[in-house]
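Chains as they are written, first to last, in numbering that gives the first Met the number 0: chain A, 0 to 146; chain B, 0 to 146.
In this text, a Cβ means the ideal position worked out from N, Cα and C, and glycines have one as well.
Below is one structure; the comments refer to it alone.
Protein chains: 2
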Amino acid sequence: MAEVALLGFKPQLVVPGMKAEAAVQFYKAAFGAEEIGRVAHPKRKAEQECPLILSAELKIGSSLILVSDCFDAAGEDSAAAAGGGGIAFRLEAEDVDAAVKKAVAAGAEVMSEVSEEEGSLLGKVKDPFGVVWAIAAVGKKSPEPEA
Amino acid sequence: MAEVALLGFKPQLVVPGMKAEAAVQFYKAAFGAEEIGRVAHPKRKAEQECPLILSAELKIGSSLILVSDCFDAAGEDSAAAAGGGGIAFRLEAEDVDAAVKKAVAAGAEVMSEVSEEEGSLLGKVKDPFGVVWAIAAVGKKSPEPEA
């Protein structure tokens, strides 16, 4: 199969129970994490006091981690439906379709087909060792939160 | 509390069932991973055909991940005892004791006290969100496998 350009991954911690904000505060206190970016759920932000976190990007030492709330399309806690939160790897690829196909050919299982999600092409696979890889297009940012 | 110097972390995938080697091969096939280092269990290597992997370091795109077998001190599969494998973060610190103390003060729980393990000072904590952090001393390498 042709070479597929991958640009590396970041661990993404998906926190159930709307506790991503608490997790961010914990990592600041415990590991001196520095928050270098945050994208809130745009709709939820406008309507609710406590915005959902699509992703907060933290720097711990020289490494980056994403922290996200675990929620469904309606903005509700989806931990029960999705089997709880956990750690995924968000992998950036130049060609998301090709990267997903290559992973599946090697034995990964598709969890969600490639589609436009959070403003970016995204597909999810689970590998034979139980690790979830969210394969996203490079250089397409999620929408900025409204000011 | 005083500032604690952390030098970043690598995700560490702990694979039960002695399947770390299979996982390494999968990541090569699925994501074009490049193996840039491996430390085998020195004792097991001498005695058995199939050496246990203390850690294989893989580069996927620009990112690094460690893949390890899940085993106990006797070199047996410890998945059942330890509650299976999973993903941990291996965090490098200049002062392991101070880093563990700071994490615990912020709300983490000690999983194993700081001790010499695999040739390096290591302590393990679980954070309030279920993530395991293996906090290891910087610049102390595990012993090289025998040639």
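*Is the distance from the Cβ of Val3 of chain A to the Cβ of Glu116 of chain A below 9 Å?*
Translated into positions along the first sequence, residue 3 of chain A becomes position 4. Translated into positions along the first sequence, residue 116 of chain A becomes position 117. No, these two residues do not count as a Cβ contact at 9 Å.
*Quick one: is Ala107 of chain A near chain B, going by C-beta distance under 9 Å?*
Your numbering for residue 107 of chain A matches position 108 in the first sequence. True, the Cβ-Cβ gap to chain B drops below 9 Å.
_Residues of chain A with CB closer than 8 Å to the CB of Glu91 of chain B, please, in chain order._
As a first step, residue 91 of chain B is located in the second sequence; it is residue number 92 there, counting from the start. Residues of chain A passing the Cβ test: Gly60.
*For Ala19 of chain B, count neighbouring C-beta atoms within 10 Å of its own C-beta (all shown protein chains included) and say buried if the count is 16 or more, exposed if not.*
Position 20 of the second sequence, counted from the first residue, corresponds to residue 19 of chain B. By the 10 Å Cβ count, Ala19 of chain B comes out buried.
_For Val14 of chain B and Ala81 of chain B, the rounded distance between their alpha carbons_ = For this step, residue 81 of chain B is matched to residue 82 along the second sequence. For this step, residue 14 of chain B is matched to residue 15 along the second sequence. Any reading at Ala81 of chain B must be qualified, since the residue scores a pLDDT of 46, below 50, and its modelled position is unreliable; no value is offered.
*Do you know how far the Cα of Gly122 of chain B is from the Cα of Glu108 of chain B?*
The residue you call residue 108 of chain B lines up with position 109 of the second sequence. The residue you call residue 122 of chain B lines up with position 123 of the second sequence. Taking the straight line joining both Cα atoms gives about 11 Å.
*Do we get a CB-CB distance below 9 Å when we pair Ile64 of chain B with the residues of chain A?*
The count along the second sequence starts at 1 and reaches residue 64 of chain B at position 65. Interface residue, yes.
*To the nearest angstrom, report how far apart Ala22 of chain B and Ala28 of chain B are at their CA atoms.*
Indexing the second sequence from 1 puts residue 22 of chain B at position 23. Indexing the second sequence from 1 puts residue 28 of chain B at position 29. The alpha-carbon atoms of Ala22 of chain B and Ala28 of chain B are separated by roughly 10 Å.
*Give me the Cβ distance between Ala55 of chain A and Glu34 of chain A, rounded to the nearest whole Å; I'm assuming they're in contact under 8 Å.*
Against the first sequence, residue 55 of chain A aligns to sequence position 56. Against the first sequence, residue 34 of chain A aligns to sequence position 35. With 8 Å as the limit, Ala55 of chain A and Glu34 of chain A qualify as a contact, their Cβ atoms being about 6 Å apart.
*In whole angstroms, what is the alpha-carbon distance linking Ser119 of chain A and Ala133 of chain B?*
The sequence position of residue 119 of chain A within the first sequence is 120, counting from 1. The sequence position of residue 133 of chain B within the second sequence is 134, counting from 1. Cα to Cα, Ser119 of chain A sits roughly 33 Å from Ala133 of chain B.
*Given a cut-off of 9 Å, decide if Leu90 of chain B and Ala98 of chain B are closer than it, judged by their beta-carbon atoms.*
Here the question's residue 98 of chain B lines up with position 99 in the second sequence. Here the question's residue 90 of chain B lines up with position 91 in the second sequence. Going by C-beta atoms, Ala98 of chain B is nearer than 9 Å to Leu90 of chain B.
*Asp68 of chain B at chain A interface by Cβ criterion, 9 Å*: The count along the second sequence starts at 1 and reaches residue 68 of chain B at position 69. No - not a single Cβ of chain A is within 9 Å of the one on Asp68 of chain B.
*Measure the beta-carbon distance from Ile86 of chain A to Lys9 of chain A and round it to whole angstroms, keeping in mind my assumption that it falls under 8 Å.*
Position 87 of the first sequence holds residue 86 of chain A. Position 10 of the first sequence holds residue 9 of chain A. Actually they are not in contact, since the Cβ atoms of Ile86 of chain A and Lys9 of chain A sit about 11 Å apart, beyond 8 Å.
_Considering only their Cβ atoms, is the gap separating Gly31 of chain A from Leu5 of chain B smaller than 9 Å?_
Here residue 5 of chain B refers to the residue found at position 6 of the second sequence. Here residue 31 of chain A refers to the residue found at position 32 of the first sequence. Yes, they are a contact pair.
*Output the boundary residues of the alpha helix (DSSP H) element that contains Ala104 of chain A.*
Position 105 of the first sequence, counted from the start, is the residue given in the question as residue 104 of chain A. Element bounds for Ala104 of chain A: 95 to 105.
*Just tell me which of B:Phe70, B:Leu12, B:Lys100 has its CA closest to the CA of Leu57 of chain B.*
Counting from 1 along the second sequence, the entry for residue 57 of chain B is found at position 58. Ranking B:Phe70, B:Leu12, B:Lys100 by Cα distance to Leu57 of chain B puts B:Leu12 first.
*Buried/exposed call for Ala136 of chain A, threshold 16 Cβ in 10 Å*: Reading the first sequence from its first residue, position 137 is the one you call residue 136 of chain A. The residue in question, Ala136 of chain A, is buried, as its Cβ has 16 or more Cβ neighbours within 10 Å.
*Determine the burial state of Ser61 of chain A: buried for a count of at least 16 other Cβ atoms within 10 Å of its Cβ, exposed for fewer.*
Counted from its first residue, the first sequence places residue 61 of chain A at position 62. Under this definition Ser61 of chain A is an exposed residue.
*Taking buried to mean at least 16 other C-beta atoms within 10 Å of its own C-beta, is Ala39 of chain A buried or exposed?*
Locating residue 39 of chain A in the first sequence gives position 40, where the first residue counts as 1. Buried: at least 16 other Cβ atoms inside 10 Å.
_Going by DSSP in three states, Val38 of chain A sits in which element: helix, strand or coil?_
Walking along the first sequence from the start, residue 38 of chain A turns up at place 39. It is a strand residue.
*chain B beta carbons: is any one of them nearer than 9 Å to that of Asp126 of chain A?*
The residue labelled residue 126 of chain A in the question sits at position 127 within the first sequence. Closer than 9 Å: yes.
_Three-state secondary structure assigned by DSSP to Ala19 of chain B_ = Reading the second sequence from its first residue, position 20 is the one you call residue 19 of chain B. Helix, per DSSP.
*Going by beta carbon distance, what residues of the same chain come within less than 7 Å of Ala105 of chain A, once the five residues before and after it are set aside?*
Counting from one through the first sequence, the residue named residue 105 of chain A turns up at place 106. Closer than 7 Å at the Cβ level, and outside the excluded window around Ala105 of chain A, lies no residue.
*With which residues is Asp76 of chain A paired in a DSSP beta bridge?*
Against the first sequence, residue 76 of chain A aligns to sequence position 77. Answer by DSSP bridge pairing, in chain order: A:Phe70.
*Using a C-beta to C-beta distance shorter than 9 Å, which residues of chain B count as neighbours of Lys100 of chain A?*
Here residue 100 of chain A corresponds to residue number 101 of the first sequence, with the count starting at 1. By Cβ distance, chain B contributes nothing, its closest Cβ being about 10 Å from Lys100 of chain A, past 9 Å.
*Within chain B, the residues that Val3 of chain A reaches when beta carbons sit closer than 9 Å*: Position 4 of the first sequence, counted from the start, is the residue given in the question as residue 3 of chain A. Those are Phe30, Gly31, listed as they occur along chain B.
*asked:* Is there a Cβ of chain A sitting closer than 9 Å to that of Leu51 of chain B, yes or no?
replied: One-based indexing of the second sequence puts residue 51 of chain B at position 52. With 9 Å as the cut-off, Leu51 of chain B does not count as an interface residue toward chain A.
*For a contact meaning CB atoms closer than 7 Å, what does Val14 of chain B contact in chain A?*
Reading the second sequence from its first residue, position 15 is the one you call residue 14 of chain B. Neighbours of Val14 of chain B on chain A, chain order: Phe128.
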